[in-house]
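Structure first, then comments.
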Amino acid sequence: GPFLEACVVAGGVATGSDAIKTAVQREKYRNSVGDNNAGFAGAILDPCYHLPCDTIANIHKFGYENLIQAAAFGLEHLGQ
Numbered sequence: 001g002p003f004l005e006a007c008v009v010a011g012g013v014a015t016g017s018d019a020i021k022t023a024v025q026r027e028k029y030r031n032s033v034g035d036n037n038a039g040f041a042g043a044i045l046d047p048c049y050h051l052p053c054d055t056i057a058n059i060h061k062f063g064y065e066n067l068i069q070a071a072a073f074g075l076e077h078l079g080q
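Last residue of the sequence shown? That's 80 in the UniProt record's numbering, and every number before it is there in order.
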């Protein structure tokens with residue numbers, strides 16, 4: 001992107017949008033976060049992506065908390 005092209009440090013986190021979760025990804029997540037948070041192979045990662053149901057009421061608490069931690073980690077290291 002333009003920030004990186006201008007040598008400005010940049011980064012971000014993503015939740016997968018409308019990609020499909022593979023069996024390999026599901027197994028990886030199951031091993032690290034357990035069955036209840038691993039999702040389903042063959043399912044859209046975010047079934048509400050860019051749809052009316054894509055609201056703050058539809059946030060997965062476990063995923064949100066982990067994204068916040070990842071963003072904080074990234075910001076801490078980008079700022080050093």
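Built from N, CA and C at the ideal position, the CB exists for glycine as well.
Collapsing the DSSP output to three states places Ile59 in coil. Taking the Cα of Phe73 as reference, the smallest distance to any Cα among Ile56, His60 and Gly12 is reached at Gly12. Inter-residue distance for Ser32 and Gln25 is about 11 Å (C-alpha atoms, whole angstroms). Distance from the Cα of Thr22 is smallest, within the candidate group Tyr49, Asp35 and Ile44, for Ile44. A Cβ-Cβ contact shorter than 8 Å links Leu67 with Thr15.
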